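Protein chains in written order, with full-length UniProt numbering: chain A, 1 to 621; chain B, 1 to 621.
Note that CB positions come from ideal geometry on N, CA and C, so glycine has one too.
Because the structure is a prediction, the values reported are computed rather than measured.
Reading through the structure tokens given below for one structure.
2 protein chains.
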Amino acid sequence: MSSSSAPVSPSPVRSYAHPEWRAGPAGLMLGCWLARLGIKARIVDQRARKITRGHADGVQCRTIEIFQSFGMAERIQKEGNELAETVFYNPDKSGNLVPTSRIPDTEPNTSRFRHVVLNQGRIEDFLIDCMGTDGLTVERGVYPVSLECSDSTTASHPIAVTLAHLAPPAKEGSTEDPASGLYRSNVISNADPSVAQVAKTEEIRAKYVMGCDGARSWTRRQLGFLLEGDSANIYWGVMDARPITDLPDIRVKVVLHSADAGSLLIVPRERNLVRFYIQMGTLQPGEKLDPSTQSPEKIIDSARKILAPYTLECPEVEWWSVYEIGQRICKDVSFKNRVFLAGDAFHTHSPKAGQGMNVSMMDSYNLGWKIAACVKGIASPVILDTYGAERVEVARELIEFDHQIASLFSGKPAVTPESEGISMEEFQALWVRMGKWTSGTAVRYGPSLIVAESAMEKTALARNVIIGSHFESQMVVCYADAHATQLADRLVSDGRWRLIAHALPSSPIKKYTPSTADLNSVIEVLTLTSSPRRALPYPAFPELARPLVGRFRYPTYDQIFSDEPSYLDGGGHAYAAYGVDPDGPGCVVLVRPDQYVAEVIGFEGCVENLAGFFDRFMIHV
Amino acid sequence: MSSSSAPVSPSPVRSYAHPEWRAGPAGLMLGCWLARLGIKARIVDQRARKITRGHADGVQCRTIEIFQSFGMAERIQKEGNELAETVFYNPDKSGNLVPTSRIPDTEPNTSRFRHVVLNQGRIEDFLIDCMGTDGLTVERGVYPVSLECSDSTTASHPIAVTLAHLAPPAKEGSTEDPASGLYRSNVISNADPSVAQVAKTEEIRAKYVMGCDGARSWTRRQLGFLLEGDSANIYWGVMDARPITDLPDIRVKVVLHSADAGSLLIVPRERNLVRFYIQMGTLQPGEKLDPSTQSPEKIIDSARKILAPYTLECPEVEWWSVYEIGQRICKDVSFKNRVFLAGDAFHTHSPKAGQGMNVSMMDSYNLGWKIAACVKGIASPVILDTYGAERVEVARELIEFDHQIASLFSGKPAVTPESEGISMEEFQALWVRMGKWTSGTAVRYGPSLIVAESAMEKTALARNVIIGSHFESQMVVCYADAHATQLADRLVSDGRWRLIAHALPSSPIKKYTPSTADLNSVIEVLTLTSSPRRALPYPAFPELARPLVGRFRYPTYDQIFSDEPSYLDGGGHAYAAYGVDPDGPGCVVLVRPDQYVAEVIGFEGCVENLAGFFDRFMIHV
């Protein structure tokens, strides 16, 4: 074993179930990336089975865009419930609850997708299926008991991990039953861990390890990193139920402040379920609740008081829990660029804005392609520095947002402008203002090795393309087949960089592409012309725009698009939307494998500028 | 055994494989209906395995609407290739091939779906999966060897069928290999049937039998019914290949007449395949081709001559065949309303307009719900008379259309208006004119027990709703959840009749609904208001519009819609599109379980009029 500077697990092998070492959305998203890109990986999960009910349920627009890039967005859209409207209920001057305003749940032009709600277990199913297509599965009943990372800079596999294999499948205690309402609740004291027999241990060597192991992250503790932050000492109940109520708006999202009885959030779900978040009461600092005092009846009772005079019956409660509001963050997320944290392992917050599962998946989505490029020898490991720089900033914004929204949500409303309490106008304005942020589409990464500095001359080329933001989709028409196509649907998660050429391209692509590989295998050029499809015959395009690929050298037909109206689906506004002058000199937008805009450059000096950008981290082949 | 007037199979049990007794699209569609409606059914198929390549590939708009009603349209949309454009290539005055016009392949406003192409084998997979969800599977290696239908009017199961079970799976001869290009070709003489061992025979009694057993239908022969018609003595080649060509329009549909070398149709397909239909040569009446003289090279060679000067290479040919153009129809499609024919068993024609698979599935889609209603005792068997009346008329139109288009397609073009030959303008005009018909959306069933007569006073109520046509979709907004909803998406294939009430409904529905069943279990009321969602509180609607259902009497939230613009998806034009005056008296559109409009009535006397309609065939419960 190599020498190690990382803390070592204090008790190497114990018959102890780590409750949080499980394959959740962050880990599975990483698995999708690595499997898709052909990287040898293992995903271990201490649990014998996955969750099936409850937990996170919001799937944000940007998350669906990513799912689309893996070819599985339509599964979410089919099974999930799209949220069409949000209604605010507030007390009127007499204290009676009334709907005060209605807004679309997804603001127009946020994304080509909509905010959807669907059980976390199904999201995990889709990720597991996606990984499985590429040959990667979750190993259940397996968890790490030690982790050592060598100081060696030359070792190809500097990390030693000891894995314990449980057998038979862990017998789960009452609060360890994923179907139980109190499984993973942060206001319940830890029950005795289930006792399971370790059948064997296994030593493995890894190039990289990512701990996607939740708020009580074992990996984080091994690294000695700390979650910092505080809790608000307010606890809420959460419940998935099929309600019978005379509240007219039970099938849209309802954000409700009662005059005196607390607040409540209603999120209509798939299969006629409704997710309720219900303000319950306060806690003393450090206080944990006795599980035997919590019940769905107690939660329903609180909901009835808040909703009065509207009625509420819940003949079927599918899942319920209680949780404390708090925001915590870990500022260190990587160790030697070899061991990384993602998801709840480095940021925890309240669930009501539906951010947790989404931000967590975006963490590992940010890292996966970078690790793959390093393992494959395409890129230098220096790009791994950008993981922490990019994602800790997002987590900070999340914590700040959550703190604001949570305190306004839990506060007592001011019934009149003069009375004390939270201004409902202010609260609603914040909610609307944060819509783009909660959709996940407002994320903008700062300058780094893989994101160029913004500069005036770039902005002039493509006024609305923001370097560091994701490349936004526009409807364009495929030259060869006349299909109306969302341009971002072509930004599939396959590890390739893309050049989106506004005009006819020339390029230094060959430099980074093995001579035996297809010309579009590392960097793909998508050409978007401002002239209509009939203006140029297909063979007039240079080979770079329609490379010959595969054993038989077939021409490609899906890399050239026209900014014109399609027959049936609109389009024809892309140049205007990107702010590119169709009569100007044209430009090239460089898009990362995760769809973030890395650079915008003009055709003048394009080859040299691109070479300059890539030479900083790409490895010549 | 009962006495029989139906012909009996001349040789009761032979070790003989009936090449056409197989579970194709028509039979599987029937299976979907019967399985979904809980009817006990068996589907037998002589073959040990299903086809995987080639054969029919066009999926018309109306067919996708039906797939949507079974919840599987998105599988076709995802895997298939949507045809966006059709280009006509004709010789110019010098005889050189040039594109002369471009049109959208699906005319705007034809349907909410588009014409798609996808291998017949995948369509069958989707149908098999759909049936399987409801517990019905295909029994392979099983085929009928005798069929007798009793004259008894009281027997509940008047049909006796003897089934042979093959074992081991039939060993297939060369032309019996579904992967072979000449499998099922109508210009190849029958090869010796494969010899397979019959392991056992089985006698079964059935209420109904449907022969969906292809152009050489065994069932049809048992009934002594004849296919009538003729062939054009012209044979064509068909091929699925990945081409390399400098024809610029290889990824859109190309309808091409060369000056002297014949005609060709190009249909771009999924997985970069292209389907080619290529005019090959003429036959003597009754002439059959020697299989050894046919080959993909010969077909490619003919294509090259037609396409010249454009080049064509086909490194990969996935499937190919040759066929003779002909149109044949059987005017009798049912025997005693107990034994029925569907699909190629009663109509055959050329494949180029992509009608065969679609019309065949529509045959059994027309019959399935009727048989189910009879078996369940909801409706009188007199409704089965409408099967032949409705579908033979459609088949006649198909034959007539196909005859016209095929002769214009195979004819030599007139290069100038003065020269001899087919006028390309006339041909193109016919092609466009027939677009709505080929989409499957132009079908209109005549008056019958289950389609009311049209009359002036009905037309005035809903000017654009055509009695006998399918109910066209409009985007509306769901009252309870603000979802933009295609109204026809609510017309799911579950055997229910639907009343689409333009205003608030009252109804005689209880009369036909068992008192123990939910109020919407036989007839579902969908209410479409012209007032916006915010105008009426949800509880203001009568229970009929939002019945309480299930064990817990949950209110329904998906039966009331508003004709207003949605937040993000348009809408607000439904009353105008249906021709209903929002300030008028309102009306009720009665829609059959297969989505065809049965009747339009005003609210005045609505209850009596509906009762009068249903009393003709519905059985009181």
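Counting along the chain, residue 368 (chain A) sits inside the alpha helix (DSSP H) bounded by residues 356-375.
Between residue 350 (chain A) and residue 356 (chain A), the alpha-carbon positions lie close to 8 Å from each other.
Under the three-state reduction of DSSP, residue 32 (chain B) is assigned to helix.
Counting the other CB atoms within 10 Å of its CB gives residue 239 (chain A) a total of 16 or more, which places it among the buried residues. For residue 123 (chain A), the closest of A:67, A:132, A:157 by C-alpha to C-alpha distance is A:67. By the criterion of at least three beta-carbon pairs nearer than 8 Å, the region 415-427 of chain A is not in contact with the region 537-552 of chain A.
Ranked by Cα distance from residue 228 (chain A), the first of A:129, A:253, A:78, A:396 is A:396.
A Cβ-Cβ separation of about 19 Å leaves residue 490 (chain A) out of contact with residue 548 (chain A) under the 8 Å criterion.
For the 8 Å CB-CB criterion, residue 571 (chain A) and residue 476 (chain A) form a contact. With fewer than 16 neighbouring CB atoms inside 10 Å of its own CB, residue 447 (chain B) falls in the exposed class. Ranking B:303, B:461, B:237, B:482 by CA distance to the CA of residue 55 (chain B) puts B:237 first. One Cα belongs to residue 130 (chain A), the other to residue 381 (chain A), and the distance between them is close to 27 Å.
Look at residue 592 (chain B) here: in three-state DSSP terms it is coil, with no helix or strand label.
Counting along the chain, residue 79 (chain A) sits inside the alpha helix (DSSP H) bounded by residues 73-79.
In the structure shown, the three-state DSSP call for residue 500 (chain A) is strand. Rounded to the nearest whole angstrom, the CA to CA distance from residue 450 (chain B) to residue 242 (chain B) is 48 Å.
Look at the region 250-275 of chain B: the residues with a C-beta under 8 Å from a C-beta of chain A are 250, 251, 252, 268, 272. Excluding its 5 nearest sequence neighbours in each direction, residue 89 (chain B) has C-beta neighbours in its own chain below 8 Å: 97, 98, 99, 100, 249, 254, 255, 256, 257, listed in chain order. The secondary-structure analysis by DSSP pairs residue 320 (chain B) across a beta bridge with B:239. Annotation: the region 256-313 of chain B contains the following complete segments of the alpha helix (DSSP H) (minimum length 4 residues), in chain order: 296-307.
Looking from the CA of residue 297 (chain B), the closest CA among B:285, B:266, B:280 belongs to B:280. A contact between stretches requires three or more CB pairs, one per stretch, nearer than 8 Å, and the region 199-212 of chain A meets this requirement with the region 160-168 of chain A.
Put simply, of B:73, B:71, B:83, B:59 the residue whose alpha carbon is nearest the alpha carbon of residue 481 (chain A) is B:83. Of all residues in the region 558-582 of chain A, only 566, 567, 568 come within less than 8 Å of chain B when Cβ atoms are compared, listed by chain position. Distance from the CA of residue 27 (chain B) to the CA of residue 211 (chain B), rounded to the nearest whole angstrom, comes to 8 Å. By the rule that beta-carbons nearer than 8 Å mark a contact, residue 89 (chain A) does not touch chain B.
Residues of the same chain with a CB within less than 7 Å of the CB of residue 479 (chain B), apart from the 5 flanking positions on each side, are 533, 538, 560, 561, 562 in chain order.
Contact check between the region 428-436 of chain A and the region 579-588 of chain A: fewer than three CB pairs, one atom from each, fall below 8 Å, which does not count as touching. Nearest in C-alpha terms to residue 583 (chain B), of all of B:521, B:461, B:569, is B:461. Listed in chain order, the positions of the region 54-86 of chain B with a beta carbon within less than 7 Å of a beta carbon of chain A are 74, 78, 82, 84, 85. In this structure, the straight-line span from the alpha carbon of residue 261 (chain A) to that of residue 369 (chain A) is close to 48 Å. Identification of chain B residues near residue 552 (chain A) by a Cβ-Cβ cut-off of 8 Å yields 242, 244, 315, 316, ordered along the chain. Sorting A:40, A:523, A:295, A:290 by C-alpha distance to the C-alpha of residue 137 (chain A) places A:40 at the top. With respect to the C-alpha of residue 454 (chain A), the residue from A:418, A:568, A:589 having the closest C-alpha is A:589.
The beta carbon of residue 420 (chain B) lies closer than 7 Å to those of 414 in the same chain, with the five residues before and after it left out. 8 Å or more divides the Cβ of residue 325 (chain B) from the Cβ of residue 347 (chain B).
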